[in-house]
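Data first, discussion second: the structure below is written as structure tokens.
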Amino acid sequence: MSQEATMIPKILVVDDRSENLIAMRHILSKIDGEIVCADSGNEALRLLLHYDFAVVLMDVQMPDMNGFETAELIRGNEATRALPIIFVTAINKEKQYVQQGYELGAVDYLFKPFDPQILRYKVSVFAELFRQRYNSSSLAQKNQLILDSVNEGVLGLNVMGEIIFGNPSAARLLQIDRKSLDGQNIGRFIKGFEDRTWESTEIYRLCVAGRNYSHCDHHFLSHQGESFPVELTATAMTDAKGKQEGFVLVFNDISARLRAEHQLAQLAEYDPLTGLANRRLFYRLLPKILAKAKRLEHEVGLLFIDIDHFKAINDTLGHVIGDLLLSQVAARLKASVRDSDTVVRLSGDEFTAIIDGEFVQKNIEKLASNIIEKLAQPYELNNNLIHCTVSVGIAIAPQVAMDANELIKAADIAMYSAKAHGRNNFQFYDETLSKQVSYRAQVETRFQRALEQEEFHLVYQPKINMESGKVKGFETLIRWNSPSLGVVSPAVFIPIAEDCGRINEIGDWVFKNASLQLEEWSRQGMIDKDFRLAVNFSTKQLNNPGFLSQLEKVFNEARIDPMHLEMEITETTLMSNPSSIVPLLRILSQMGITISVDDFGTGYSSLNYLKILPIHVLKIDQSFIKDLFRDTNSEIITRSIINLAHNLDLRVVAEGVETQEQNEFLLHHGCDFGQGYLYGKPQQAKDAQGILLNQNPHIILLNPSLKKNKG
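Sequential numbering from 17 applies to the sequence shown in our numbering.
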């Protein structure tokens, strides 16, 4: 490095992709510094021979010499050993991988997509530290303009852990005057550190060892002793010769973020109409209850409760009355069981109750009779006197099964047996209830030959741009019309495909045929650059070791551009195994494939994950859209998902749009795309092609009500 001294810090950005260099230059343009770009590790090393830099922002994945190798050479040079290096990468965030970077001397990691403001904050701090080496004025004076403008609290410590400066945000968050911060030991403000020496803390040990400290599980204490959660990073400060001078702590109050995560989790696990636990919570709780019962040698009774002829009530009296009925049924059902029991609204008019204890078998018959009697009492709803009955299926563990899925299946079969016995009764599961099992066996047997005999076909449901009303893509759906069984629902044969190990085969068939259809539309010039054909992929497909090679094979055979493919995965799939799913999604995203999270809001994905996942689209589950105008929580969730997505620079698709009122609500709140019967049912390829050929006239013909939105 030369001894050239300048008060304008130089910031070195190293990335082999020109578009990334341009983007980084734009993001950092507001910083008072000179941005110098290098497109390789070798170029970076050459520049380091001639210039002093305040900080290096370096990509990890580069040809010839990657970021880790470049960092190792920089650290091996006495002149550049103390140069701060921040890795900016879109690849693996596994602990072992991140640890490798820190061991090579990185002071920080930024994972794409990142918040540009945070990048500017971090670079600003190092730029100011650079200025300090060439200016004898105090660090507080030099950093004042920058530190005064940031929302994060920034504290400078000496080697003993005493505060030597704090920005206004730090004083505000700690509820203390800035001048009163000076000389305070940092341990006073970090919960759990009050009685510890600074040198005994993990923060000190890591920073002194030249490593960066970053955690989201700390709590700070305000001057008044109030505790609040923070995201905390700490970095050692060194002089030009690499001598330890102190530490920089950057912290941010994450109370609001944690509350938002908790609120979304709560909303996602409870039914907004009835207030009962929903399907997702049910599937999470039942295995735990069964495991506990096994340890205590207790029994567990599972009741499936279905309202008889509910559809007729809904169709005759309307959805408002139907929803009122569901709410009152839920209330009576909840009042019929103990507080320790769990009542769930599974879907529609189907409820379940989990009863556990020592004498379930002995008492459950009386409980079922009591439920049937209570729910059969008349309901007065908006001046309508409604009479309804329920059918109840019962399965008891361990007598029937200790596996949650098997117990659910048994209770479901017993419930359908109660309906077959005239409704308004309960039935216990036993081996004679084989009708449903027999049908499933028939479906499974014929399913094995259905692919070979070409009994499957694809249909395409339009996805429209909410603002223009034009079709900008389709979702690909599979259908089965069996010669012997008739139309078999995907809800029946997809689980069978998973159980018998043929889901990958089905998935490959869907993807291949959808790709061939996409190639035909593309070859005929029917699609533009914004067109996306969505294909659903299951967890088992993504976990298949040969998934990527199969994907590339289809791309080559069909000769399609990956940019026109949208891969839909459910929120449950996304969170099932993030450590393996996320790296795969990064590869797919780099190929140009659009990644879409289906049924968003029904699962449990951390907001923290959303910041780092390579996803492009969130699809709002149709259950929330269905309940718009009938349930405030559904409106709140829908608006929250739209706002959350846009804040993360993601697009939003609303599923299950059936009414013009829903369309106008979504359009008003900025939803990007809509999908549902309002815009078009799933249809054969030739009909979908007709939409593409006659874009505007066809959409207007299908949905005259959309005309008003075009003007």
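Think of the CB as a built atom: it goes at the ideal place given N, C-alpha and C, for glycine as much as any other residue.
Query                                                                                                                                                                : Result
For the alpha helix (DSSP H) holding arginine 62, just list the boundary residues, first then last.                                                                  : 57 to 64
Could you give the DSSP three-state label for leucine 600: helix, strand or coil?                                                                                    : helix
For valine 753, which residues in the same chain have their Cβ closer than 8 Å to its Cβ, ignoring the five residues on either side in sequence?                     : The question about residue 753 has no answer here: the residues shown for the chain are numbered 17 through 727.
Determine the burial state of asparagine 399: buried for a count of at least 16 other Cβ atoms within 10 Å of its Cβ, exposed for fewer.                             : exposed
What is the DSSP secondary structure of methionine 579, counted as helix, strand or coil?                                                                            : helix
Which first and last residues belong to the beta strand (DSSP E) in which glutamine 638 is found?                                                                    : Here glutamine 638 belongs to no beta strand (DSSP E); instead the alpha helix (DSSP H) covers 638 to 642.
Tell me, which residues are paired with glycine 172 by DSSP?                                                                                                         : Phe181 and Val264
Cutting at 6 Å between CB atoms, please list the residues of its own chain near arginine 33, excluding the five before and the five after it.                        : none
Asparagine 167: which of Gln200, Phe267, Ile206 and Gly208 sits nearest, CA to CA?                                                                                   : Phe267
Helix or strand or just coil, what does DSSP make of histidine 685?                                                                                                  : coil
Beta carbon of alanine 411, beta carbon of leucine 318: below 8 Å?                                                                                                   : yes
Counting pairs of beta carbons, one from the region 215 to 234 and one from the region 181 to 198, are three or more of them closer than 8 Å?                        : no
Looking at C-alpha atoms only, which residue of Ala87, Ser243, Gln711 and Thr461 is the closest neighbour of aspartate 124?                                          : Ala87
Going straight from the alpha carbon of methionine 431 to that of isoleucine 321, what length do you get?                                                            : 7 Å
In whole angstroms, what is the alpha-carbon distance linking serine 498 and isoleucine 512?                                                                         : 15 Å
Could you pull out every residue in the same chain whose Cβ sits closer than 7 Å to the Cβ of asparagine 529, ignoring the five residues on either side in sequence? : Leu474
Just list the residues that DSSP pairs aspartate 372 with in beta bridges.                                                                                           : Val316
Let me know the secondary structure DSSP gives histidine 437 once reduced to three states.                                                                           : coil
I think asparagine 559 touches serine 605, with their Cβ atoms under 8 Å apart; what is that distance to the nearest whole Å?                                        : Their Cβ separation, rounded to whole angstroms, is 18 Å, which puts asparagine 559 and serine 605 out of contact at 8 Å.
Can you tell which of Met74, Leu171, Arg97 and Val170 has its C-alpha closest to the C-alpha of phenylalanine 127?                                                   : Met74
Would you kindly work out how many angstroms separate the C-alpha atoms of isoleucine 202 and leucine 65, rounded to a whole number?                                 : 39 Å
How far does the alpha helix (DSSP H) with glutamate 470 in it reach, from first residue to last?                                                                    : Taken as a continuous stretch (DSSP letters only), glutamate 470 belongs to no alpha helix (DSSP H), as it is neither H nor E.
On the criterion of 16 or more Cβ atoms from any shown chain inside 10 Å, does threonine 105 qualify as buried, or is it exposed?                                    : buried
Go ahead and pull the three-state DSSP assignment for valine 526.                                                                                                    : helix
Aspartate 124 lies in the beta strand (DSSP E); which residues open and close that run?                                                                              : 122 to 127
I'd like the span of the beta strand (DSSP E) that includes isoleucine 102, first residue to last.                                                                   : 101 to 105
Among Arg91, Ala466, Ala122 and Val598, whose alpha-carbon lies nearest the alpha-carbon of valine 15?                                                               : Summary: the structure shown does not reach residue 15, with the chain confined to residues 17 through 727, and so no result is reported for it.
Ordered along the chain, which non-local residues of its own chain (more than five positions away) have a Cβ less than 8 Å from that of isoleucine 388?              : Thr405, Val406, Val408, Asn440, Asn441 and Phe442
On the criterion of 16 or more Cβ atoms from any shown chain inside 10 Å, does arginine 575 qualify as buried, or is it exposed?                                     : exposed
I want to know whether the region 75 to 82 touches the region 130 to 141 - three or more CB-CB distances under 8 Å.                                                  : no
Between Asp615, Leu708 and Val570, which lies nearest to tryptophan 537 when the distance is taken from Cα to Cα?                                                    : Leu708
Which of helix, strand or coil does DSSP assign to proline 511?                                                                                                      : helix
Relative to the C-alpha of glutamate 366, which candidate in Ser656, Asp339, Ser650 and Gly226 has its C-alpha closest?                                              : Asp339
Name the residue from Phe689, Ile585 and Leu302 whose alpha carbon lies nearest to the alpha carbon of histidine 662.                                                : Phe689
I'd like to know whether the C-beta atoms of glycine 49 and isoleucine 24 end up nearer to each other than 8 Å.                                                      : yes
From arginine 97 to isoleucine 628, what distance separates their C-alpha atoms?                                                                                     : 30 Å
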